[in-house]
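**Student:** What the sequence shown shows, in our numbering, is residues 19 to 99, in sequence order.
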Amino acid sequence: MLKINKYLVITVLIFTLTTIDVNAQCAMCKSVVESNMENGDTIGSGLNNGILYLMAMPYISLALIAFFWARHNKKQKNSSF
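(1) Go through its chain and collect everything with a Cβ distance to Leu-26's Cβ below 8 Å, but skip five positions before and after it.
(2) Rounded to the nearest angstrom, how far is the Cβ of Val-51 from that of Ile-61, given a contact under 8 Å?
(3) Pull up the distance between the alpha-carbon of Met-75 and that of Ala-81, whole angstroms please.
(4) Given Lys-95, which residues of its chain have a CB within under 6 Å of its CB, disregarding the five upstream and five downstream residues?
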């Protein structure tokens, strides 16, 4: 069991400490944004805001679930006394 934990920790450290640069946009989106940014449009900032909005939703959902779960457990603990 200790040997498995050692390998798990090493694997997690390798994955978290190494980075790889990626281009996570499709070719069409990237070319449209680049051409619009060259022409002075601000569509790129809107696209980035949309990506940040989509990225935040799972974290907000998880935080709400944790909040309600903790509140429910606290109520159960208080009612048992």
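Ideal placement from N, C-alpha and C gives every residue a C-beta, glycine not left out.
**Tutor:** Looking at the coordinates:
(1) There are no such residues.
(2) In this structure Val-51 is in contact with Ile-61, their Cβ atoms being roughly 6 Å apart against a cut-off of 8 Å.
(3) The C-alpha of Ala-81 is placed about 10 Å away from the C-alpha of Met-75.
(4) None.
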